[in-house]
Amino acid sequence: MRRWLNLFIWNMRFQARYGFYLLYAFLTIFYTVVLFALPITWRGKTAAMLIFSDPAAMGLFFMGAIVLLEKSQRVTAFFAITPLKAFEYVLSKVLSLNAIALVVAGVLAYVSGSRQVFLVLVGTFLSGAIFTLFGVLVATKITSLNQFILFTVPVEAAGFLPAILHLFGITPDYLKYYPANACMDLVSGRGVTFIGLLFTVALIIFLFYFACHEMLRMWQEQGGAKI
Amino acid sequence: MRTIRISFIHMLGFVRRDMMLLAAGVSPIFIGLVIRLGIPFSEKMLTEMTGLPYVLVPYFSLFDILYAAIIPVIFCFITAMVMLEERDDHIDRYLFVTQLGRFGYYVSRVVLPAAFSFVVTAILLPACKLSDLSVLELLFLSLAGTLQGIIIALLVVGFSANKLEGMAVTKVSSLVMLGSLAPYFIPGPYRYLLSFMPSFWTGMVITEKQPIFMLVSVLVAALWIVVLWKKVGRKNN
Numbered sequence: 005m006r007r008w009l010n011l012f013i014w015n016m017r018f019q020a021r022y023g024f025y026l027l028y029a030f031l032t033i034f035y036t037v038v039l040f041a042l043p044i045t046w047r048g049k050t051a052a053m054l055i056f057s058d059p060a061a062m063g064l065f066f067m068g069a070i071v072l073l074e075k076s077q078r079v080t081a082f083f084a085i086t087p088l089k090a091f092e093y094v095l096s097k098v099l100s101l102n103a104i105a106l107v108v109a110g111v112l113a114y115v116s117g118s119r120q121v122f123l124v125l126v127g128t129f130l131s132g133a134i135f136t137l138f139g140v141l142v143a144t145k146i147t148s149l150n151q152f153i154l155f156t157v158p159v160e161a162a163g164f165l166p167a168i169l170h171l172f173g174i175t176p177d178y179l180k181y182y183p184a185n186a187c188m189d190l191v192s193g194r195g196v197t198f199i200g201l202l203f204t205v206a207l208i209i210f211l212f213y214f215a216c217h218e219m220l221r222m223w224q225e226q227g228g229a230k231i
Numbered sequence: 015m016r017t018i019r020i021s022f023i024h025m026l027g028f029v030r031r032d033m034m035l036l037a038a039g040v041s042p043i044f045i046g047l048v049i050r051l052g053i054p055f056s057e058k059m060l061t062e063m064t065g066l067p068y069v070l071v072p073y074f075s076l077f078d079i080l081y082a083a084i085i086p087v088i089f090c091f092i093t094a095m096v097m098l099e100e101r102d103d104h105i106d107r108y109l110f111v112t113q114l115g116r117f118g119y120y121v122s123r124v125v126l127p128a129a130f131s132f133v134v135t136a137i138l139l140p141a142c143k144l145s146d147l148s149v150l151e152l153l154f155l156s157l158a159g160t161l162q163g164i165i166i167a168l169l170v171v172g173f174s175a176n177k178l179e180g181m182a183v184t185k186v187s188s189l190v191m192l193g194s195l196a197p198y199f200i201p202g203p204y205r206y207l208l209s210f211m212p213s214f215w216t217g218m219v220i221t222e223k224q225p226i227f228m229l230v231s232v233l234v235a236a237l238w239i240v241v242l243w244k245k246v247g248r249k250n251n
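Structural data, given as structure tokens:
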């Protein structure tokens with residue numbers, strides 16, 4: 005537990021050093037200004053789209069650069085020979101990035117006048133976990149940033165498009181069980197079905213298992229050789 | 015000129031290995047098709063659902079502005095990522111001391127891809143546009159988008175020291191495109207808070223139908239490029 009906590013704090017310091025907190029402080033102010041500039045009736049849906057596509061999806065956007073930078077600094081090579089477990093590494097990544105996402109989502113939900121801030125936070129956490137885990141999975145397979153960006157396009161298309169259509173009510177009813185749509189229901193402050201929630205949690209467990217598996221494999225196969 | 019051409023071809027080879035060249039070739043056409051076919055289809059569905067005479071039609075020209083901006087941004091974003099890779103791998107500083115030089119490096123990495131993206135935009139935009147745009151407006155939108163692409167590439171390279179910072183700056187710099195939304199959605203004098211953004215004036219050109227705003231848009235973009243070019247130069251020193 006202490007080792008994991010140290011890793012979690014190290015991740016937060018890493019994110020602070022590379023300007024994540026500054027970036028999201030700026031983006032929060034910018035999004036707040038945008039929300040205030042919009043008519044009140046538009047704010048709820050706009051806030052949901054902003055939360056879902058940015059703070060919740062930040063792991064998918066940044067994970068490639070994080071892992072590549074760690075690789076170039078040989079940090080992952082050191083992880084491979086410490087007692088650190090892959091699940092501790094992945095969990096610390098998910099939770100440290102989600103910490104930023106939750107703060108930003110909380111502010112945007114409050115500004116948009118949402119009365120279901122708790123539901124928004126739960127939705128942000130679940131969608132943040134899904135996107136970050138996808139980001140980790142893709143990051144273990146790539147060697148350059150352009151590759152990462154290219155490989156995340158299908159994930160973004162499968163994640164954002166149905167969820168945004170669902171937000172505007174132009175998807176068939178059965179798609180409310182689709183994890184991205186269930187997350188969007190929560191992020192927009194609406195209730196979620198039990199089955200939708202179940203599928204979402206199942207997807208997170210599945211992705212977490214594979215992300216840990218692939219991360220361990222990446223640690224063991226650095227520089228073209230097995231450690 | 016020969017060294018710049020070789021450097022540009024070298025970069026294309028680098029990008030091709032990541033399949034990004036294929037993506038850069040396909041994505042403008044794909045996005046154009048989605049806009050040309052998907053938006054009118056969405057409009058039809060939305061009008062049937064809401065019973066309103068139109069929903070997206072007033073924003074068709076905004077989709078055209080964004081499409082004209084996205085193509086150069088894709089090209090310049092890819093080259094910005096290559097420059098970040100080259101910086102992390104310490105390749106750029108070696109290239110600076112060759113015949114190519116610092117100026118030639120940035121011409122091959124920023125100016126040439128931007129010029130290429132202008133041509134692609136000018137070809138695809140007339141085929142994929144949703145609103146009635148004159149030839150002058152089409153050429154202006156292609157130029158405005160290209161200048162924005164250059165601005166984003168220079169922002170990424172000028173304000174980041176490594177890949178991760180580059181991604182963070184990319185996130186902020188992509189907001190440069192959103193100024194064009196202001197004339198459509200932000201009322202009255204408040205919209206002018208975003209007048210420092212070239213894309214704001216691009217939006218004004220289309221919504222207000224005032225050709226003088228074309229000049230303002232290009233001048234604001236040129237100012238950004240000059241300031242950022244100096245910033246990049248200072249960073250390398």
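Chains as they are written, first to last, in my numbering: chain C, 5 to 231; chain W, 15 to 251. Each residue gets a CB set at the ideal place from its N, CA and C atoms; glycine is no exception.
Check                                                                                                                     : Outcome
Ser76 of chain C: contacting residues in chain W (beta-carbon distance under 9 Å)                                         : Asp102, Asp103, Asn176 and Lys177
Residue environment, Val40 of chain W, which counts as buried when at least 16 other CB atoms sit within 10 Å             : exposed
Buried/exposed call for His170 of chain C, threshold 16 Cβ in 10 Å                                                        : buried
Leu9 of chain C versus Leu47 of chain W: straight-line alpha-carbon distance, rounded                                     : 49 Å
Buried or exposed by the 16-neighbour rule on C-beta atoms within 10 Å, applied to Lys177 of chain W                      : buried
Closer than 8 Å to chain C by CB, Met211 of chain W                                                                       : no
Interface residues of the stretch 23-55 of chain C facing chain W [CB-CB below 8 Å]                                       : Gly23, Phe24, Leu27, Phe30, Leu31, Phe34, Ala41 and Leu42
Thr80 of chain C (DSSP reduced to helix, strand or coil)                                                                  : helix
Chain W within 8 Å of Pro138 of chain C, Cβ atoms only                                                                    : This sequence places Phe at residue 138 of chain C; Pro is not what is there. Phe138 of chain C does not count as touching chain W.
First and last residue of the uninterrupted alpha helix (DSSP H) at Trp24 of chain W                                      : Going by the sequence as given, residue 24 of chain W is His instead of Trp. Start and end: Arg16 to Arg31.
Minimum Cβ-Cβ distance from Ile208 of chain C to chain W less than 8 Å                                                    : no
Phe56 of chain C and Ser131 of chain C closer than 8 Å at C-beta                                                          : yes
Coarse secondary structure for Val183 of chain W, derived from DSSP in three states                                       : helix
Rounded C-alpha distance that separates Phe152 of chain C from Pro67 of chain W                                           : 43 Å
Closer than 8 Å to chain C by CB, Val29 of chain W                                                                        : yes
Distance, Tyr35 of chain C Cα to Met16 of chain C Cα                                                                      : 23 Å
Phe77 of chain W versus Thr17 of chain W - alpha carbon distance                                                          : 38 Å
Per-residue contacts from Glu99 of chain W into chain C (C-beta, under 7 Å)                                               : Ser148 and Leu149
Neighbour list for Val48 of chain W in chain C, Cβ cutoff strictly below 8 Å                                              : What Val48 of chain W touches in chain C: nothing, since even the nearest Cβ is about 10 Å away.
Backbone secondary structure at Ser192 of chain C - three-state DSSP                                                      : coil
CB contact flag (Met25 of chain W, Ser174 of chain W, <8 Å)                                                               : no
Residue span of the alpha helix (DSSP H) that contains His104 of chain W, given as start and end                          : Unbroken run through His104 of chain W: none, as it is neither H nor E.
Contact list for the stretch 148-171 of chain C against chain W, Cβ threshold 8 Å                                         : Ser148, Leu149, Asn150, Gln151, Ile153, Leu154 and Val157
Enclosing alpha helix (DSSP H) for Glu62 of chain W [first to last residue]                                               : Ile53 to Thr64
Residue from W:Lys249, W:Met63 and W:Ala83 whose Cα sits closest to the Cα of Ala158 of chain W                           : W:Ala83
Start-to-end residues for the alpha helix (DSSP H) that takes in Tyr198 of chain W                                        : Ala196 to Phe199
Cβ neighbour criterion (16 or more within 10 Å) applied to Gln224 of chain C                                              : exposed
Contacts of Tyr204 of chain W in chain C (Cβ-Cβ under 9 Å)                                                                : Ala41
Minimum C-alpha distance to Phe164 of chain C - residue among C:Leu27, C:Leu39 and C:Ala52                                : C:Ala52
Where Val190 of chain W falls, given that 16 or more other Cβ within 10 Å makes a residue buried                          : buried
Other residues of its chain near Ser56 of chain W: CB distance less than 8 Å, five sequence neighbours each side excluded : Leu70
For Tyr178 of chain C and Met181 of chain W, the rounded distance between their alpha carbons                             : 36 Å
Contacting residues, own chain, Cβ-Cβ under 7 Å from Phe212 of chain C (five flanking each side not counted)              : Val94 and Leu137
Which of helix, strand or coil DSSP assigns to Val69 of chain W                                                           : coil
C-beta contact flag for Cys216 of chain C and Ala61 of chain C at 8 Å                                                     : no
Residue nearest to Leu42 of chain C in terms of C-alpha spacing, selected from W:Lys249, W:Arg31, W:Val134 and W:Arg205   : W:Arg205
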